[in-house]
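Chemist: In full-length UniProt numbering, the protein residues as written are 1 to 233.
Every residue gets a Cβ at the ideal spot worked out from N, C-alpha and C, and that includes glycine.
I am attaching a structure below and will ask some questions about it afterwards.
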């Protein structure tokens, strides 16, 4: 290059482009934003793409009512909003709870068999495909009487529910399809009622305990929630 000619400097600018993907999975409560560039917040915190902020895992964070922020199955550094559970989901769990379901229009979760987002005289139930819907309460007087009880708390494990048009009350012996010595209950892993005479909450460290000793003569409660006949040697 000769003297007096203009000098040009070539500057190469690197531009990092991170693709953003909108995904929907029926297992999750709502669509979630996931970035191809992993976001690591550290200190047991999760990155939430919608707000571009970090929050403590299993806290409410940016989620709706009755929800918590949990790690994504695709990227453990990214958080997704799920209905809060009182124990690790397990179909066979005998740790009772009142299940919750996500209602998309309100961007939050509600307890099942409660009015929630429904009209007066209706409550929230779950279809066979686990999708929520409002249904007329088949035992409105029983439901309303429950609400007036001084010790009633919407989050308690004892509540009125319906099955095939008939109403029952959880943690009451001999109701639904349970034996006289068993109680009907729900857990966080299923929207279907179950029977047991033996309840435990391993997550909280509560030792197994019997809820009932009312087994027929010649038998005693077993570890499966039923009754075991005495064996004579």
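(1) On the DSSP letters alone, give me the boundaries of the beta strand (DSSP E) that residue 143 sits inside.
(2) In the DSSP output, what is residue 124 paired with across the bridge?
(3) Excluding sequence positions up to five away, which residues of its chain have a Cβ less than 6 Å from the Cβ of residue 30?
(4) Mind checking residue 259: buried by the 16 CB within 10 Å criterion, or exposed?
(5) How big is the Cα-Cα spacing for residue 236 and residue 41?
(6) Report yes if the CB atom of residue 196 is closer than 8 Å to the CB atom of residue 185, and no otherwise.
(7) Between which residues of its own chain and residue 115 is the CB-CB distance below 8 Å, once the five residues before and five after are set aside?
(8) Answer yes or no: do residue 171 and residue 97 have a C-beta to C-beta separation smaller than 8 Å?
(9) If you count every other CB in all the chains shown that lies within 10 Å of the CB of residue 137, and 16 or more means buried, which is it?
(10) Residue 95 and residue 81 look like a contact to me (Cβ under 8 Å); what is the Cβ gap, rounded to whole Å?
(11) Suppose you measure from the CA of residue 22 to the CA of residue 162; what does that come to, to the nearest Å?
(12) What span of residues does the beta strand (DSSP E) with residue 196 cover, start to end?
Modeler: The structure says:
(1) On the chain shown, residue 143 is found 143 positions in, with the first residue counted as 1. Annotation: residue 143 is outside any beta strand (DSSP E); the continuous alpha helix (DSSP H) that includes it extends over 140-148.
(2) Here residue 124 refers to the residue found at position 124 when the chain shown is read from its first residue. Residue 124 is bridged to 134.
(3) Residue mapping note: residue 30 aligns to position 30 of the chain shown, counting from 1. Reliability fails at residue 30, whose pLDDT of 48 lies under 50, so the model's placement of it is uncertain and the value that follows must be treated cautiously. The answer is none, since no qualifying residue turns up.
(4) With the chain covering only 1 through 233, there is no way to say anything about residue 259.
(5) The first residue shown for the chain is 1 and the last is 233, placing residue 236 beyond what the model contains.
(6) Translated into positions along the chain shown, residue 196 becomes position 196. Translated into positions along the chain shown, residue 185 becomes position 185. Contact: yes.
(7) Numbered from its first residue, the chain shown carries residue 115 at position 115. Cβ neighbours of residue 115 beyond the five flanking positions: 122, 123 and 124.
(8) Locating residue 171 in the chain shown gives position 171, counting from the first residue. Locating residue 97 in the chain shown gives position 97, counting from the first residue. No, they are not a contact pair.
(9) As a first step, residue 137 is located in the chain shown; it is residue number 137 there, counting from the start. By the neighbour-count definition (other C-beta atoms within 10 Å, threshold 16), residue 137 is a buried residue.
(10) On the chain shown, residue 95 is found 95 positions in, with the first residue counted as 1. On the chain shown, residue 81 is found 81 positions in, with the first residue counted as 1. Rounded, the Cβ-Cβ distance is 23 Å, inconsistent with contact.
(11) Along the chain shown, read from residue 1 onward, the residue named residue 22 stands at position 22. Along the chain shown, read from residue 1 onward, the residue named residue 162 stands at position 162. Reliability of the predicted coordinates at residue 22 is poor, the pLDDT of 41 falling under 50, and the value obtained from them is presented with this limitation in mind. Spanning the two alpha carbons is a distance of roughly 37 Å.
(12) As a first step, residue 196 must be located in the chain shown, where it is residue number 196. For residue 196, the enclosing beta strand (DSSP E) covers residues 194-196.
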